[in-house]
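Participant: Quick one: this structure, given as structure tokens, is what I'll be asking you about.
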Amino acid sequence: MANMKKCRNNKNSNSNNANNNSNNKNNPPLISQLTPQQIAVIAGLLCNALTVDSVLVDKDQRLEIVLSGSLKRRTRLDQLLDELEGTTLLEFLDALNKR
């Protein structure tokens, strides 16, 4: 939660100091303040390797975001099996016989 407040405070201070170049030179860009874990999460979300499963907010307004994903690349067979998910074995064998 402290990171969110820090980020919010940085946003406000950056907008207030936008016209003051000397202050901007003293403040490193936000990207340089990110940890490798944060960069990995951002990259995973942008590349659709991670999806948001749930967003939880408790009574103290603490935020928990549950992400899931896979590092395994989906093959053509994986995609085909997804398409055939609702198909019965009999329908599948009939389709093979007709080929």
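If you read the sequence shown in the numbering used here, its first letter stands for residue 10, the second for the next number, and so on. All C-beta atoms in this analysis are idealised placements derived from N, C-alpha and C, irrespective of residue type, glycine included. A quick note: this is a predicted structure, and the numbers were derived from the prediction, not measured.
Rounded to whole angstroms, what is the Cα-Cα separation between N44 and S77?
Facilitator: The residue given as residue 44 occupies position 35 in the sequence shown. The residue given as residue 77 occupies position 68 in the sequence shown. Looking at the sequence provided, one finds Thr at residue 44 rather than Asn. Roughly 20 Å between the two C-alpha positions.
Participant: Need the endpoints of the beta strand (DSSP E) that L65 sits in, please.
Facilitator: In the sequence shown, the residue the question calls residue 65 occupies position 56. Run containing L65: L59 to V66, per the beta strand (DSSP E) assignment.
Participant: Does DSSP classify L76 as helix, strand or coil?
Facilitator: Position 67 of the sequence shown, counting from 1, holds the residue named residue 76. The answer is strand: DSSP assigns L76 an E or B state.
Participant: Tell whether a beta-carbon distance below 9 Å holds between L58 and S41.
Facilitator: Residue 58 sits at position 49 when you count from the first residue of the sequence shown. Residue 41 sits at position 32 when you count from the first residue of the sequence shown. Going by the sequence as given, residue 58 is Ala instead of Leu. Result no, Cβ atoms of A58 and S41 do not sit closer than 9 Å.
Participant: Taking only three categories from DSSP, how would you classify P37?
Facilitator: Translated into positions along the sequence shown, residue 37 becomes position 28. In the three-state reduction of the DSSP assignment, P37 falls in the coil class.
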